[in-house]
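Reviewing the structure listed below.
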Amino acid sequence: MTPYELIRAKRDGGTLPLEALRGFVSAYGRGEIPDYQMAALCMAVFFRGLEPAELRTWTEAMLRSGTTLRRRNPGPRRVDKHSTGGVGDKVSICLAPLVAACGLVVPMVAGRGLGHTGGTLDKLSAIPGFRTDLSLAEAEQVLDQIGVCIIGQTDEIAPADRRLYALRDVTATVDSIPLIASSILSKKLSENLDGLVLDVKVGSGALMRGLLEAEQLGRTLVDLAWAMGCPTVAWLTAMDAPLGAAVGNASELLEAVDVLRGRGPDDVRKLTLRLGAEMLVLGRLFGSVPEAERRLAAAIADGSGLERFRAMVRAQGGDPVVLETPAALLGPLETTEVRAERAGVLAAVDTLDVGLAAVVLGAGRIRSDDTIDPGVGFTIRRRPGDRLNQGEPLVSVHHRPGQDVSEVCRRLAAAYRLADRAEPTLPLLIARQEVRAS
Ligand code: URA
Numbered sequence: 001m002t003p004y005e006l007i008r009a010k011r012d013g014g015t016l017p018l019e020a021l022r023g024f025v026s027a028y029g030r031g032e033i034p035d036y037q038m039a040a041l042c043m044a045v046f047f048r049g050l051e052p053a054e055l056r057t058w059t060e061a062m063l064r065s066g067t068t069l070r071r072r073n074p075g076p077r078r079v080d081k082h083s084t085g086g087v088g089d090k091v092s093i094c095l096a097p098l099v100a101a102c103g104l105v106v107p108m109v110a111g112r113g114l115g116h117t118g119g120t121l122d123k124l125s126a127i128p129g130f131r132t133d134l135s136l137a138e139a140e141q142v143l144d145q146i147g148v149c150i151i152g153q154t155d156e157i158a159p160a161d162r163r164l165y166a167l168r169d170v171t172a173t174v175d176s177i178p179l180i181a182s183s184i185l186s187k188k189l190s191e192n193l194d195g196l197v198l199d200v201k202v203g204s205g206a207l208m209r210g211l212l213e214a215e216q217l218g219r220t221l222v223d224l225a226w227a228m229g230c231p232t233v234a235w236l237t238a239m240d241a242p243l244g245a246a247v248g249n250a251s252e253l254l255e256a257v258d259v260l261r262g263r264g265p266d267d268v269r270k271l272t273l274r275l276g277a278e279m280l281v282l283g284r285l286f287g288s289v290p291e292a293e294r295r296l297a298a299a300i301a302d303g304s305g306l307e308r309f310r311a312m313v314r315a316q317g318g319d320p321v322v323l324e325t326p327a328a329l330l331g332p333l334e335t336t337e338v339r340a341e342r343a344g345v346l347a348a349v350d351t352l353d354v355g356l357a358a359v360v361l362g363a364g365r366i367r368s369d370d371t372i373d374p375g376v377g378f379t380i381r382r383r384p385g386d387r388l389n390q391g392e393p394l395v396s397v398h399h400r401p402g403q404d405v406s407e408v409c410r411r412l413a414a415a416y417r418l419a420d421r422a423e424p425t426l427p428l429l430i431a432r433q434e435v436r437a438s
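With our numbering applied, the sequence shown covers 1 to 438.
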């Protein structure tokens with residue numbers, strides 16, 4: 001089958017011969033299929049979808065475009081977590097070392113922030129010297145020594161996905177459930193895992209704003225991961241308000257470290273414990289989530305989670321002493337308050353707009369080559385359901401001295417809707433998805 005025939009078959013709603021599909025995606029990974037033909041196939045997939053066998057073939061071909069992490073045999077079980085992203089989501093930073101401190105290996109491949117969503121790598125990069133670009137050989141060494149690393153996608157990890165994601169970004173084909181699922185899993189499964197926990201965000205700041213589409217994405221991911229041999233659980237969780245209080249790279253890093261110190265906002269701690277417990281159960285350290293949550297809480301209380309985080313920072317080239325002097329990490333800042341324009345109840349937050357306001361402030365990027373300022377950000381003062389008097393602070397904007405933040409403040413004020421009565425909000429933990437009984 002020629003590339004032309006393959007594109008036409010999908011365009012017309014046909015099911016593709018798996019060998020031809022594998023050949024097409026593999027050839028794209030080797031640079032032998034031009035972007036315009038891959039873009040046409042992605043658009044056909046956007047409208048027609050992929051059958052489960054097609055999706056698996058597509059994902060395997062992307063995974064095999066690169067190499068996978070080697071593992072010691074026998075060694076501790078390997079688990080990871082992936083979040084579909086949002087505003088203020090710093091969970092990976094405290095979760096990965098905490099789970100490693102409990103005895104599993106966490107080889108986390110994470111992403112940079114793009115658009116309104118923040119990225120774990122940008123938050124960690126606020127630590128001077130911290131390297132996220134470890135080669136797989138270097139990552140394996142760190143894993144052998146301390147059982148956890150957090151790195152970015154390099155040319156070794158699913159390079160076909162890297163190229164394809166950039167192509168999808170400019171051809172309006174990012175928001176396709178099969179293409180998202182294959183992109184996420186081609187990276188995550190290159191870690192050679194025994195278990196994966198997915199945090200599929202739902203709400204105004206999420207990739208999937210509606211519950212139905214988030215359920216579809218979670219189901220597609222769980223089924224695909226199991227079909228590819230990786231036991232996986234998904235949680236649909238709320239992203240209808242920023243997670244925690246800190247939004248901004250260095251401040252989110254500090255908030256995640258606070259969780260490891262036994263402090264930090266309730267929602268960040270709760271999500272960390274639940275997702276971590278799922279990882280410990282998938283890693284077969286515990287038979288139940290409550291037992292596993294108690295183990296994680298103990299690793300916070302005895303400081304072993306924090307110690308593991310410090311060890312990871314050292315192993316990846318940073319000096320954890322900077323975490324003791326937040327003001328030095330953040331740099332010189334001034335604060336401007338965004339205040340409630342009327343009295344009432346905070347009914348809803350357009351979290352996408354909060355994330356975009358952070359980009360305008362300099363904390364995020366629209367294009368992948370934009371530079372960011374790690375120190376600037378917001379402190380979220382109020383959550384949906386809170387009652388406020390006129391003039392009370394909603395959000396504190398931390399900016400560089402003299403920086404013009406009028407546009408940032410205007411956007412934030414518009415993102416917060418006050419009303420006379422509270423409106424329904426999503427629970428933090430909405431629903432759990434696991435493998436379907438056959
Ligand atoms: N994250 C990914 O890694 N890929 C997508 O396609 C969307 C989100």
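Glycine included, each C-beta is placed from N, C-alpha and C at the ideal position.
task: Over the uninterrupted beta strand (DSSP E) stretch that includes residue 378, give me the two end residues.
output: Per DSSP, the continuous beta strand (DSSP E) segment holding residue 378 begins and ends at 377-380.
task: Report the partner residues of residue 337 according to the DSSP bridge assignment.
output: 396
- prompt: Is the CB-CB distance between residue 120 and residue 181 below 9 Å?
  reply: no
message: Tell me which residues share the same chain as residue 455 and place their Cβ nearer than 6 Å to its Cβ, disregarding the 5 neighbours each side in the sequence.
response: The question about residue 455 has no answer, for the chain in this structure spans 1 to 438.
message: Helix, strand or coil, according to DSSP, for residue 107 in the structure here?
response: strand
message: Measuring only the C-alpha atoms, how far is residue 42 from residue 168?
response: 8 Å
- prompt: Roughly how many angstroms lie between the CA atoms of residue 405 and residue 379, to the nearest whole one?
  reply: 15 Å
- request: Report, in whole angstroms, the separation of the C-beta atoms of residue 197 and residue 81, which I expect to be a contact under 8 Å.
  value: 4 Å
task: Per DSSP, which residues does residue 433 bridge with? Please list them.
output: 234
- request: For residue 240, count neighbouring C-beta atoms within 10 Å of its own C-beta (all shown protein chains included) and say buried if the count is 16 or more, exposed if not.
  value: By the 10 Å Cβ count, residue 240 comes out buried.
task: Kindly indicate which residue of 408, 17, 130 has the alpha-carbon position closest to the one of residue 54.
output: 17
query: Thinking just about the alpha-carbon of each residue, which of 421, 244, 127, 260 is nearest to the one in residue 87?
result: 244
task: Using alpha carbons as the reference points, say which of 373, 75, 416 lies closest to residue 385.
output: The residue with the shortest Cα to Cα distance from residue 385 is 416.
Sequence-distant residues of its chain with Cβ nearer than 6 Å to residue 238 (five each side left out): If we look at residue 238 and ignore the five residues flanking it on each side, its Cβ neighbours are 203, 426, 428.
query: Which whole-angstrom value is the C-beta distance of residue 316 and residue 79, which I expect to be below 8 Å?
result: That pair is no contact at about 19 Å.
query: What is the DSSP secondary structure of residue 186, reduced to helix, strand or coil?
result: helix
Any non-hydrogen atom of the ligand URA within 8 Å of residue 119 CB: Answer for residue 119: no, Cβ out of range of the ligand URA.
- prompt: Could you give the distance in angstroms between the alpha-carbon of residue 276 and the alpha-carbon of residue 227?
  reply: 23 Å
message: Is residue 439 close to the ligand URA? I mean its beta-carbon at under 8 Å from any heavy atom of the ligand.
response: The requested residue 439 does not occur in the structure, where the chain is confined to residues 1 to 438.
Residues that DSSP places opposite residue 83 in a beta bridge: Answer by DSSP bridge pairing, in chain order: 199.
- prompt: Where does residue 351 sit, in a helix, a strand or coil, going by DSSP?
  reply: In the structure shown, residue 351 sits in a helix (DSSP, three-state: H, G or I).
task: Could you spell out where the beta strand (DSSP E) holding residue 149 opens and where it closes?
output: 148-152
One or two residues paired with residue 78 in a DSSP bridge: 105
query: Is the closest heavy atom of the ligand URA to the C-beta of residue 165 under 8 Å?
result: yes
- prompt: If you follow the alpha helix (DSSP H) that residue 411 is part of, which residue opens it and which one closes it?
  reply: 406-415
query: Taking the Cβ atom as the reference point for each residue, do residue 122 and residue 372 lie within a distance shorter than 9 Å?
result: yes
task: Express the C-alpha separation of residue 314 and residue 108 in angstroms, rounding to a whole number.
output: Using only the alpha carbons, I get a separation of about 16 Å.
message: Tell me the rounded alpha-carbon separation between residue 320 and residue 127.
response: 8 Å
field: Straight-line Cα distance separating residue 171 from residue 19
entry: 26 Å
task: From the DSSP output, in three-state form, read off residue 391 for me.
output: coil
task: Specify which residues have a beta carbon nearer than 5 Å to any heavy atom of the ligand URA, listing them in chain order.
output: 180, 183, 184
query: Within this structure, are the beta carbons of residue 418 and residue 344 separated by less than 9 Å?
result: yes
task: Specify the secondary structure class of residue 419 as computed by DSSP and reduced to three states.
output: strand
9 Å Cβ cutoff met for residue 234 and residue 222: yes
- prompt: By the 10 Å Cβ neighbour count, where 16 or more other Cβ atoms means buried, how is residue 4 classified, buried or exposed?
  reply: exposed
message: Taking its Cβ as the centre, do 16 or more other Cβ atoms sit within 10 Å of residue 414, making it buried, or is it exposed?
response: Classification for residue 414: exposed.
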